[in-house]
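Protein chains in written order, with the working numbering: chain A, 82 to 336; chain B, 842 to 1113; chain C, 27 to 357.
Note that the Cβ used here is the ideal one computed from N, Cα and C, for glycine as well.
Have a look at the structure below, then the notes.
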Amino acid sequence: MGLKRRHEAENILEIRKLRKTFDGVVAVNNVSLRLQPGTVTALIGPNGAGKTTLFNVITGHLKADSGQVVFKGEDITNLAPHEICRRGIARSFQIVNVFPRLSVSENVLAATLFHKKIGNPFTRNYGSETGYVTEVLETVGLFSQADLAAAKLSYGDRKVLDIAIALACGPELLLLDEPTAGLGPEESRRIIELIRNLQKKQRLTLFLVEHDMDVVFALSERIIVMHEGMVIAYGRPEEVRKNERVRQVYLGEEG
Amino acid sequence: MNLFLLASGLSLIYGVLGVVNFAHGSFYLIGAYFCYTCAKLCPFWFAFVIAPLAVGALGIITELCLLRKVYQSEHIYQLLLTWGLVLVFGDLCKLVWGVDKKTLGLPTVLAEAMRLFGTKIPLVQIFATLVAAIVAALLIIVLYKTRIGALIRAAAADPEVTSALGVDTRKVYTAVFGVGCWLAGLGGAVSALLMPIYAGSDLELVLVAFIIVVIGGMGSIIGSLVGSLITGLLYALGILLVPRFALAFLYVLMVGVLIIRPWGLLGRPQID
Amino acid sequence: MTETRFREHMASGMGRSYSLWLLALIIAAILLTYLFHSNIFVLSLIQELAVMILFATAYNLMLGFSGLLSFGHGGLFGIGAYTLALLMVKVKLSALWALMAAPLLTSIAAWGMGWLCLRLTGVYFAFLTLAFSQLIWAVIWKWRSLTGGDDGIIGIELSGAIGSSAGLFLLILIVVIVCAVLIKMLLIDSQFGFALRLIRENPRRARAIGINVRGYQLLVFCASGFFTGIAGALYALHSGGAFVEYASVAKSFEPIWCSLVGGIYTFVGPIVGAALMLGLDHFISRFTESWALFAGAVLIIVVLFAPEGIVRLAECFYRRLFRRVGVEKWA
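As structure tokens, this is what we get:
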């Protein structure tokens, strides 16, 4: 019993036999996986494989039909999204999801203030948070645009802001849903750099959904492949690259 | 049963345009008033046919000039626009027709009563029910069995795809709104036969129509049919059980339905 | 963009002189009382305006700041009015106690209403609040033994300091002023208000950064109900009774009109809207009965051409006129 517990605590995130159905279509079909702390794991698979659905269930935006999501040993299945954020999981969104009319700094301030238990709800003084917000903005390179309304940023900058908001939540596990989607090569490189720095500096565990294979192979230590709601491969990039089933799924799609 | 006509128009407009037309009761009232005035100037049956058409035309004008502009806005602005219409139409009616009750003179054909199942039922009521039933049947046939109906249902389900297929969804919206208002006008004309017309009934009626549409299902014509029957029955039940609070009883039901099954008995869940 | 400017920007919201405003407004109220203490007509007018200002401001907490369109505040207003009237007429409670009880009861009703209605969003939420408000109205109307039904409750007697019309006037003004300042300070400018605006802008993102959206919405419903209850109670004091119309659909729409026309994204919007509504109402009523026609037309025009309201329009105009390049003002 003691040994099992220790083993569980080693995995920062564990998903056990998770299942989610929509209107008769099984989007996530008995998925089980484990993430080690401090690693970068990529989740890949053709469209409709269930990747974003999996993210949504992990972060509480969708309810699982059955199965468990265990974070740092605690069962967080079906908790509300704000509870999950409080426990240390943050995410960015596939389609950029920020607060458009707020300034960049206010976007980040929002995450800074609310990801933890609130002290005084009537406070009007945010002086103590300024330093942290500055830090986050500098980390992602948006400090020079701190006063701009988020809607006025370029698409790439908004994607970075989305990640910055997630970062400002001070998470231990960061879920990034297609961070380079819709970006040109230069902006993608910028995001890759950012992710690399994050992993090095902050000992975050990163879990990415990605379609861009260059990004995937450049960044990840482990790759999970999903197809039609199920995990069909898991391992180091070189292993996955050689996996027959994976090639079938991808080549089959292209063919 | 004339409430079915009102509710079905409301349901249709919501189902296709996604707009909740607060002013629907106003169109109903205008239909009643038009019928009343026309009947003074021309033969009754002529008035009975013209009045709803006039209301439908009014609806089309309203849609073209005003409603169209807020399709892209948030829902609250659509609601508030139609609320503004309620105020405007309501007062216009008061200006033109005054605040006293108006009674429509019945044509001699309908003034009699008929013996049916042992009780005397006024012919007007039979007529009213007949009209509603025919219209219901027509609506269902057109919507589900004709190409135009399929077009309308397609535009309701997915306007983007439908317009990509070459259909001018804007014309569909205008037409549907016109038909919805025509239904309201017809309901008003029918109700003018059954009871006196009075100012202020527009708001009461649209609220009852909401109850019907909520219970039967937003966007479903058959739902409005079922809804109006059920609402009628439940109101009668309410009068039996809690006579003074029958109206409150209806509201409790509406609250209940909205909580347990917000899309009503026969509607489809709306993705907000 | 220097670091110091950024710091200033972040620390804004601090040090807004609420106590100064409070003092200034109360002094203004006392001055008004002194000036008009014998002119019942003006007193009555300003009282009505004050109540409407509070009602609209309390309502706009939901519409403008939280993005929740409620049609149910008429019912809450009615509960506030009837609570005060019942307590003062039937239980012979003093105005002070009744004024404290009314908002408490109303906020409990608002809590119940919110708990049920917030399970749905958008149009369905609006409907549910309408149904609830109608329910309250129907119950008030039909429960003759308690509420007097169609006749309402009359006979509120005022004694002591507020027995005079000037005294009542000052009381109403001061209550409204204090409430308005409290709303601005505690609910709009605060972290709570920040959360509300985040929820309004993007509820999904708000959830994902740790905001309990439903909890905040429930709280703002309650707070809005609390102050609406005070407004209703004050109105009952003002008119000397409580009547069924105080809980009607028409009542529900008054603060909506005020907030929309004035400007839902600002604090002063509803205040301007209230002044406009009452001003126009009294002005138009001299010539014609058709106030609703006018109000409806204005509503339609605002929705089509100036959905952010008059205050925003004026701001834009002002900026264009003087070609000021100001910092983009975030509501």
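DSSP places residue 258 (chain A) in the uninterrupted beta strand (DSSP E) bounded by 254–258. Residue 245 (chain A) is positioned such that its CB atom lies closer than 9 Å to that of residue 218 (chain A). One thing to note: residue 255 (chain C) has its Cβ no nearer than 9 Å to the Cβ of residue 162 (chain C).
One thing to note: residue 148 (chain A) has its Cβ no nearer than 9 Å to the Cβ of residue 93 (chain A). For the stretch 183–244 of chain C, the continuous alpha helix (DSSP H) assignments of 4+ residues that do not extend past its boundaries occur at 191–208, 217–227, 229–234, in sequence order. By the neighbour-count definition (other C-beta atoms within 10 Å, threshold 16), residue 913 (chain B) is an exposed residue. Among the residues of chain B, those whose CB is under 7 Å from the CB of residue 279 (chain C) are 924, following chain order.
Segment contact: the stretch 886–893 of chain B against the stretch 901–913 of chain B, fewer than three CB-CB distances shorter than 8 Å; contact not assigned.
Chain order gives the chain B residues near residue 165 (chain C) as 1086, 1089, where near means a beta carbon separation below 8 Å.
Residue 961 (chain B): member of the beta strand (DSSP E) spanning 960–963, first to last residue.
Cα atoms of residue 964 (chain B) and residue 881 (chain B): separation of roughly 21 Å, rounded to the nearest angstrom. For residue 910 (chain B), the residues of chain C that pass the 7 Å Cβ criterion are 330, in the order they occur in the chain. Taking 9 Å as the upper bound on Cβ-Cβ separation, chain C lies near residues 243, 246, 247, 249, 250 of the stretch 235–266 of chain A.
Using a CB distance below 7 Å, no part of the stretch 184–212 of chain C faces chain B. The residues 97, 99, 100, 159, in chain order, have a CB closer than 6 Å to that of residue 278 (chain C) in the same chain once the five nearest residues on each side in sequence are set aside. One alpha carbon belongs to residue 278 (chain A), the other to residue 121 (chain A), and they sit about 12 Å apart. Interface with chain C (9 Å Cβ-Cβ cutoff): residue 868 (chain B) is excluded. At a cut-off of 9 Å, the C-beta of residue 118 (chain C) has no neighbouring C-beta in chain B. Checking the DSSP bridge columns, you'll see residue 294 (chain A) has no partner listed. With fewer than 16 other beta carbons inside 10 angstroms of its own, residue 987 (chain B) counts as exposed.
In this structure, B:877 is the residue among B:877, B:1040, B:923 with its C-alpha nearest to the C-alpha of residue 1031 (chain B). As DSSP reads the structure, residue 155 (chain C) sits in no beta bridge. Any Cβ of chain A closer than 9 Å to the Cβ of residue 289 (chain C) would place that residue at the interface, and such an atom is absent. When rounded, the separation of the alpha-carbon atoms in residue 219 (chain C) and residue 188 (chain A) is 15 Å. Taking CB atoms only, residue 86 (chain C) has no neighbour in chain A less than 9 Å away. By the criterion of a C-beta distance shorter than 7 Å, residue 1050 (chain B) is surrounded in its chain by 844, 847, 848, 851, 865, 866, once the five residues flanking it on both sides are discounted. In this structure residue 872 (chain B) touches residue 1025 (chain B) by the C-beta definition: roughly 6 Å separates them, less than 8 Å. Rounded to whole angstroms, the gap between the alpha carbons of residue 934 (chain B) and residue 869 (chain B) is 12 Å.
Nearest C-alpha to residue 1087 (chain B) among C:263, C:152, C:165: C:165. With respect to the 9 Å criterion, residue 276 (chain C) and residue 932 (chain B) are not classified as neighbours on the basis of their beta carbons.
Residue 88 (chain C) sits in a helix when the DSSP states are folded into three classes.
The residue from A:117, A:201, A:313 with its alpha-carbon nearest to that of residue 132 (chain A) is A:313. The continuous beta strand (DSSP E) containing residue 315 (chain A) extends over residues 311–316. The Cβ neighbour count for residue 200 (chain A), taken over all protein chains shown within 10 Å, is under 16; the residue is labelled exposed. By the Cβ-count criterion, residue 311 (chain C) is exposed, with fewer than 16 other Cβ atoms from all chains shown falling within 10 Å of its own Cβ.
Approximately 5 Å separates the beta-carbon atoms of residue 285 (chain C) and residue 89 (chain C); this is inside 8 Å, confirming the contact.
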